[in-house]
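Q: Note that the working numbering numbers the sequence shown so that position 39 is 523, with each residue one more than the last.
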Amino acid sequence: MRILLLSLLAPLALSWCDKPDETIYGQIDRGVRWELVSLGGRPAEPGFQIGFPGPRQITGQTSCGPFKAAQEAPYPWIEIGALSSPDKGDCKDPRSHRSAYLALRTMGIADVAGDMLMLSDPEGAAELVFRRVGSEPAEAEPVRVPGDVPEIPTAKAPQTSGATRQRAVASPRVTAPARDNRTAGPVILLDTDAFVVISPL
Numbered sequence: 485m486r487i488l489l490l491s492l493l494a495p496l497a498l499s500w501c502d503k504p505d506e507t508i509y510g511q512i513d514r515g516v517r518w519e520l521v522s523l524g525g526r527p528a529e530p531g532f533q534i535g536f537p538g539p540r541q542i543t544g545q546t547s548c549g550p551f552k553a554a555q556e557a558p559y560p561w562i563e564i565g566a567l568s569s570p571d572k573g574d575c576k577d578p579r580s581h582r583s584a585y586l587a588l589r590t591m592g593i594a595d596v597a598g599d600m601l602m603l604s605d606p607e608g609a610a611e612l613v614f615r616r617v618g619s620e621p622a623e624a625e626p627v628r629v630p631g632d633v634p635e636i637p638t639a640k641a642p643q644t645s646g647a648t649r650q651r652a653v654a655s656p657r658v659t660a661p662a663r664d665n666r667t668a669g670p671v672i673l674l675d676t677d678a679f680v681v682i683s684p685l
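1. So, helix, strand or coil for G598, using DSSP?
2. With burial defined as no fewer than 16 other Cβ atoms inside 10 Å of the residue's Cβ, what is the status of A594: buried or exposed?
3. Using only alpha-carbon positions, find the residue among G535, P539, A554 that is nearest to Q545.
4. Three or more C-beta pairs under 8 Å: does that hold for the segment 575 to 582 against the segment 606 to 618?
5. Hey, would you say E506 sits closer than 8 Å to F614, going by beta carbons?
6. Which same chain residues, not among the five before or five after R526, have their C-beta less than 8 Å away from its C-beta?
7. Helix, strand or coil: how does DSSP classify L586 here?
8. For a test of the three-state rule: what should DSSP assign to A579, helix, strand or coil?
9. Does DSSP put G544 in a helix, in a strand, or in coil?
10. Report yes if the CB atom of I512 is closer than 8 Å to the CB atom of V596, and no otherwise.
11. Quick one: grab the DSSP three-state call for I512.
12. Counting along the chain, where does the beta strand (DSSP E) carrying I534 start and finish?
13. Given a threshold of 16 other Cβ atoms within 10 Å of its Cβ, counted over all protein chains shown, does A566 qualify as buried or as exposed?
14. Just how far apart, CA to CA, sit P689 and G515?
15. Measuring alpha carbon to alpha carbon, tell me which of G598, M602, S569 ends up nearest S586.
16. Along the chain, where does the beta strand (DSSP E) containing P550 start, and where does it finish?
17. Output the boundary residues of the beta strand (DSSP E) element that contains L567.
18. Taking Y509 and P550 to be in contact with their CB atoms under 8 Å, please state how far apart those CB atoms are, rounded to whole angstroms.
19. Under the three-state reduction of DSSP, which class applies to P539: helix, strand or coil?
20. By the DSSP assignment, the beta strand (DSSP E) with G618 in it spans what residues?
21. From M602 to L612, what does the alpha carbon distance come to, in whole angstroms?
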């Protein structure tokens, strides 16, 4: 009975694992960061960023430090849970940072359009507009330093003197056969420098 129950539950578990994430995390590239550019139609001071590093997660950064919260609503809805405080001592965030931090809890709709992310409340009374600013740095590939790979020695040509080089390029000398008195006609001796015709005696 137990084996039968496990065999029935296994396909369901696999299908659940293969199911794509339905939150905003499943709609954007991994590791993307978004920087606040406007709050309620007004420009925002730079430096306020948010990201979605994993399913059902949201993280952020203000000038006073990082914060994080849970986010489990399916896209295009967004529901941000209790935010951890970014305050550090007497740090003072710009006004737009503080307003955006407080407004995040009221956001209910998310809209991703290219490099822009817009968060708004259900009534449309508040709107946070973010621009994509990049991704988390990827692990750098190792850089090969000259000398890591041993150089393959190349064979060098043997050193030769001038006289040796001249002998190497000179034409071969053809030696005339021994003279036979019975041979009629002139005997020709070939030399690399000149042709000499030797007449019979």
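Cβ coordinates follow ideal geometry from the N, Cα and C atoms, glycine included.
A: In brief:
1. Here residue 598 refers to the residue found at position 114 of the sequence shown. Coil at G598, not helix or strand.
2. What you label residue 594 is simply residue 110 of the sequence shown in a count that begins at 1. Buried is the call here.
3. Your numbering for residue 545 matches position 61 in the sequence shown. Looking only at G535, P539, A554, the smallest Cα-Cα distance to Q545 is reached by G535.
4. no
5. Your numbering for residue 506 matches position 22 in the sequence shown. Your numbering for residue 614 matches position 130 in the sequence shown. Contact: no.
6. Taking the first residue of the sequence shown as position 1, residue 526 is located at position 42. So the qualifying residues of the chain are S580.
7. As a first step, residue 586 must be located in the sequence shown, where it is residue number 102. Helix.
8. The residue you call residue 579 lines up with position 95 of the sequence shown. At residue 579 the sequence reads Arg, which differs from the Ala that was named. Looking at R579 - three-state DSSP - the assignment turns out to be helix.
9. Within the sequence shown, numbered from 1, the residue matching residue 544 stands at position 60. Three-state result, G544: strand.
10. Indexing the sequence shown from 1 puts residue 512 at position 28. Indexing the sequence shown from 1 puts residue 596 at position 112. Yes, Cβ-Cβ distance for I512 and V596 is below 8 Å.
11. Taking the sequence shown and counting its residues from 1, one reaches residue 512 at position 28. Coil at I512, not helix or strand.
12. For this step, residue 534 is matched to residue 50 along the sequence shown. From DSSP, the beta strand (DSSP E) with I534 extends over 533 to 535.
13. Mapped onto the sequence shown, residue 566 falls at position 82. By the neighbour-count rule (16 or more Cβ atoms within 10 Å), A566 is not buried but exposed.
14. Missing from the structure shown is residue 689; the chain here goes from 485 to 685 and no further.
15. Numbered from its first residue, the sequence shown carries residue 586 at position 102. Residue 586 is actually Leu in this sequence, not Ser. Comparing Cα positions, the closest option is S569.
16. On the sequence shown, position 66 is the one that residue 550 refers to. Where P550 is concerned, the enclosing beta strand (DSSP E) stretches over 549 to 554.
17. Sequence index remark: in the sequence shown, residue 567 carries index 83 (1-based). Unbroken run through L567: none, as it is neither H nor E.
18. By 1-based counting over the sequence shown, the position of residue 509 is 25. By 1-based counting over the sequence shown, the position of residue 550 is 66. The pair is not a contact, with the Cβ atoms about 18 Å apart (cut-off 8 Å).
19. Mapped onto the sequence shown, residue 539 falls at position 55. Residue state, collapsed to three classes: coil.
20. Residue numbering aside, residue 618 sits at position 134 when the sequence shown is read from its first letter. Note, G618: beta strand (DSSP E), 611 to 619.
21. Taking the sequence shown and counting its residues from 1, one reaches residue 602 at position 118. Taking the sequence shown and counting its residues from 1, one reaches residue 612 at position 128. Computed Cα separation, rounded: 6 Å.
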